[in-house]
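Residue numbers (the working numbering), protein chains in the order written: chain L, 75 to 284; chain E, -7 to 73.
Where is the CB? At the ideal position from N, CA and C, for every residue including glycine.
Treat the numbers as computed from the prediction; the structure is a model and nothing was measured.
Notes for the one structure printed next.
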């Protein structure tokens, strides 16, 4: 826990009050009158729901952190690269940008659009499942060959920030020459001939990257 | 099948609720994949079950009040175990 946000404090207060009510009921076993039921409603219902609400938001925020992604050992090279101030990889350069910061994995890899967050979380659940069912004991050397990005990284994610409409961006001849291909995603921004691979250390002999 | 007494159901609900609270707090202290997934799935399922058990007891106690005629209501008190 890096720091206690207001939501975390709310969650802890709800948890403490709920636990106190529940323990007091189990210890003292009061007569089951209306007062006891209201008291128990607070302990079983109101405060746990408050804890769940505040906790869910905190947990969702935690899942955006680079440290969360790096908790699975097969991702440690990626997080180490992002943490490296001397790295010139696309991922690391973005991690040094304040807008991306400690959430750079999420900001780049999240799906956008109306259901983007839900789709991203579903993808995360898939990663969790695959890790604990297939890759938990896979060495990093093997993981480099076995784990690949599921679908090509979409340029539309880059275009959330780099709109391809800025005059400075359009002044680059390489950009204007391939404008339609870049916008349609036929040419990847992160290809070797353009801005380079986001995670070059993960390149496989076949040329795939993650 | 005879149902356990209301006190017993509520005691089990309290224990379940304590477990749920513990699981949810665990993810706040240790926001790694396993605690977070457990808190947001198992923790909330257990918490919901304990709340449903509590609501079942309350509904059971209130049922005689709604079944009786208006004249009887004054004489019926919620059943205590």
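Item, Value
"Cβ of residue 157 of chain L within 8 Å of any chain E Cβ", "no"
"Residue 20 of chain E - DSSP class collapsed to helix/strand/coil", "helix"
"For residue 272 of chain L, the nearest candidate out of L:215, L:221, L:155 and L:245 (CA to CA)", "L:155"
"Listed by chain order, chain E residues near residue 117 of chain L by CB distance under 8 Å", "6 and 9"
"Range of the contiguous alpha helix (DSSP H) that encloses residue 330 of chain L", "With chain L running from 75 to 284 in the structure shown, residue 330 of chain L is simply not present."
"Burial state of residue 102 of chain L (16 or more Cβ within 10 Å)", "exposed"
"Straight-line gap, residue 207 of chain L to residue 150 of chain L (C-alpha atoms, nearest Å)", "19 Å"
"Span of the alpha helix (DSSP H), counted from its first residue to its last, around residue 248 of chain L", "247 to 251"
"Interface partners of residue 138 of chain L on chain E, CB under 7 Å", "Those do not exist, as residue 138 of chain L stays about 10 Å from chain E at its closest Cβ, beyond 7 Å."
"Partner residues on chain L for residue -4 of chain E, Cβ-Cβ distance less than 8 Å", "Within 8 Å Cβ-Cβ: nothing; residue -4 of chain E doesn't reach chain L, min ~13 Å."
"Three-state secondary structure assigned by DSSP to residue 234 of chain L", "coil"
"C-beta contact flag for residue 100 of chain L and residue 42 of chain E at 8 Å", "no"
"Chain L residues whose Cβ lies nearer than 8 Å to that of residue 24 of chain E", "142 and 145"
"CB-CB length for residue 0 of chain E against residue 142 of chain L, believed under 8 Å", "Not a contact, Cβ separation roughly 41 Å."
"Contact belief for residue 52 of chain E with residue -2 of chain E at Cβ below 8 Å, rounded distance in angstroms", "7 Å"
"Burial state of residue 242 of chain L, where buried means 16 or more other Cβ atoms lie within 10 Å", "exposed"
"Residue of L:126, L:121 and L:113 minimising C-alpha distance to residue 36 of chain E", "L:126"
"Cβ-based burial, residue 34 of chain L [other Cβ within 10 Å; buried from 16]", "Here chain L has residues from 75 to 284 only, and residue 34 of chain L is not among them."
"Contact check, residue 230 of chain L vs residue 259 of chain L, beta carbons under 8 Å", "yes"
"Candidates L:137, L:200, L:89 and L:274: closest to residue 218 of chain L by CA position", "L:274"
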